[in-house]
Amino acid sequence: MSHDDHQTHHVNYLAVFFVLCGCTGLSVLFDVLSMPKGVTIVLVLAVACAKAMSVMMYFMHLKFEGNWKYVLLAPTTILAIGLPIALFPDIGRSYYINAAPQVTSWADEVAEYEREHAAAAEGGAH
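Each residue of the sequence shown is one higher than the one before, starting from 1408 at the first, in our numbering.
Structure representation (structure tokens):
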């Protein structure tokens, strides 16, 4: 296999740069135009997704990779979806006993303080 048989891809990075600049200008234009807020958000997000795809495809060279990238992506996707689902039951649960007694007796201390000062205000013992 000679060097000429190896398939190479040359990306015109300057063209991709101008496409990204055009997308940025388009996002600004959508924001400046007086459209309903929901429409503006959808259009700007669509342009942002197009910019992200351009960066991934050309600067990260994903356009020219083989199908093995999906083999690497599958376990990552399973973990990204499965881990939050697996940890969801633990969110917001308290499995431990409160080890800070000052926090539990705080209401008692406040009530005692108010009783002492109420008695002092009425002319009680100083």
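Beta carbons are placed, not taken as given, at the ideal position from N, Cα and C, and that holds for glycine.
None of these values were measured; they are calculated from a predicted model.
For Arg1500, no alpha helix (DSSP H) encloses it, and the DSSP letter there is neither H nor E.
The Cβ neighbour count for Val1454, taken over all protein chains shown within 10 Å, is at least 16; the residue is labelled buried. DSSP, reduced to helix, strand and coil, places Glu1521 within a helical segment of the structure shown.
Measuring C-alpha to C-alpha distances from Thr1447 to each of Cys1456, Ser1434 and Val1517 identifies Ser1434 as the nearest.
DSSP places Leu1440 in the coil class of the three-state scheme, outside both helix and strand.
DSSP places Val1478 inside the alpha helix (DSSP H), whose first and last residues are Trp1475 to Leu1494. No Cβ-Cβ contact shorter than 8 Å links Cys1428 with Ala1457. Per the coordinates, the alpha-carbon of Val1517 lies some 41 Å from the alpha-carbon of Pro1491.
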